[in-house]
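Residue 263 in full-length UniProt numbering is what sits at position 263 of the sequence shown, and the numbering runs on without skipping anything. Below: one structure, written as structure tokens.
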Amino acid sequence: MMRTSQFFRRRRRGVLTALATVSLVAGVTSALAPAASAAVVDPAASYVLVNRNSGKALDLHNLATNDGAPIVQYTRNDGAWQQWQFVDSGGGYYRLKSRHSGKVLEFTSTADAADLVQNTDADRASQQFRLLDSAGGYVRLVNRASNKAADVWEWSTADGARVVQWADLDGANQQWQLVKVGASAPSQFSNPIKRNGPDPWMQYHNGYYYLATTTWNSTITMRRSRTLAGLSSAADQVVFNLSGRPNGCCNMWAPEFHLLNGRWYLYYVAGQNVPDFNPTQRLHVLESSGTDPMGPYTFKADLGNTWELDPSILQHNGKLYLLGSASDGTQSLTITPMSNPYTLSGARRTISQPTLAWERQTHPVNEGAEPLYRNGRVMLVYSASACWGPDYKLGLLTLTGSDPLNRSHWTKSPNPVFQRNDANSVFAPGHNGFFKSPDGTEDWIVYHANDSASGGCDMNRSTRAQKFTWNADGTPNFGTPVRLGTTLAAPSGEPAS
């Protein structure tokens, strides 16, 4: 028995075919128009293919590099896994080669609903496609072996929807826009800027954005780009390997790099074994040999000998303080004085606990404190509630006294300052950082979030960025977290390329 959804799918296709026939009969004069000539492609370029029905891009599922990996649609981010090169096979046919994996698209069967996959390039007919024009500048991809078109299954608009083959009916779900990479306006970008990028930290330095995120393994990596848009496809480079370190070989989280006294100091969390969230996690610091954020780095110091997460550096009145998150019955914000960027000089103090209802959703947590300075005001923006729940969010502490080590000198805002937005499909936004636009005129926040309420506290969280403004009372106004794929103006002063 045919599935109901299949029945309506095929019925819809039949209606489209009938309408096309009526159109041809009613408009005989249109037959006199010149035959369409398929879109011209540049074999030296890379293209993103955007589906007309869904607005989403042809995407290599989970950044796979193996033969047989499925091809899906996903919110456009212009990553290498969404970039395709047209390799000429002759006779008007092309293979579509992934910039990420080096493999080509293929239908391994001629049956309806066969999945589009990637395989090693053998230039066989099942890997060859011709381009047929559709209205509005769109094209269809018709396979040489099956003579069927690449089609988003069941007209889906969801991330991760299958791409299959079906009889060429010129439906909107079979039509693709070819977007040449680098041809879009250089003053725009869209999130995410790194798909698998939890706990992001970014700085703009000497003409480049530098981004580091949690790896959950024994390496610390960093990528760089002259534009925010370019970060999505920039290569991660290993700047330090923790393997063999007795007090922190593995499970690297929450890297941050700060330029202090002419050198970069890279702070991070690591433990003695790979499994998630374990009692051996400690704070550590590396030191660069010069002024390049990507190093080289040497190991400098362990920072404390008890469990602690999420290091950052507060600078106030010429002094340095190590910020962190540790347990005093609940996971709370901590601060420790430092005599230099790698030496603690006093006892660790607690300055904030998760006491408010919105700090205790799923689990009570205060973590990830990040300094924010403006017009003499010193603030900490921190993450609250459980990272494994959809209500992870940002809160605000303001230094209203003179001593950062004194808990009573910090005032907590009664409401969160950045939180989930169901309408935009943004959940658990948190663990942020701040950076300035290249010309220094704009303030920007970088953070991670999930695109579903069921997303967890793992590597599926993606790195996102957006500009923020200021309220009349001097506090930050982060606005609403933006939906993935939304076109945003790039930071002011970005170079054209």
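Each residue gets a CB set at the ideal place from its N, CA and C atoms; glycine is no exception.
- Judged by DSSP in its simplified three-state form, Q174 adopts helix.
- A distance below 9 Å separates the beta carbons of A326 and R348.
- Taking all protein chains in view, the Cβ of S339 is surrounded by fewer than 16 other Cβ atoms within 10 Å, so the residue is classified as exposed.
- With 16 or more other Cβ atoms inside 10 Å of its own Cβ, W84 counts as buried.
- In the three-state scheme derived from DSSP, where H, G and I count as helix and E and B as strand, G90 is classed as strand.
- In this structure D236 touches R223 by the C-beta definition: roughly 5 Å separates them, less than 8 Å.
- A301: member of the beta strand (DSSP E) spanning 297-303, first to last residue.
- Shown here, A423 sits in a helix according to DSSP, grouped into three states.
- One Cα belongs to Y94, the other to P200, and the distance between them is close to 39 Å.
- When beta bridges are read from the DSSP output, E367 appears opposite S383.
- Residue environment for R377: exposed (fewer than 16 other C-beta atoms within 10 angstroms of its C-beta).
- Out of S156, E106, L105, the CA that lies nearest to the CA of S54 is found in S156.
- With fewer than 16 other Cβ atoms from the protein chains shown falling within 10 Å of its own Cβ, V238 counts as exposed.
- Counting along the chain, the unbroken alpha helix (DSSP H) around G230 starts and ends at 228-231.
- Annotation for A45: no beta strand (DSSP E) segment contains it, and DSSP assigns it neither H nor E.
- With respect to D59, Y74 sits close: the two C-beta atoms are nearer than 9 Å.
- Of the candidates V181, A111, L380, the residue whose Cα lies closest to the Cα of V164 is A111.
- Distance between S232 and C250, taken at the CA atoms: about 25 Å.
- Around the beta carbon of D310, a 10 Å sphere encloses 16 or more other beta carbons of the protein chains shown; the residue is thus reported as buried.
- Comparing C-alpha distances from N305 to each of S98, E287, V269 shows the shortest one belongs to V269.
- Pairwise C-beta distances place the region 479-487 out of contact with the region 176-183, as fewer than three of them are shorter than 8 Å.
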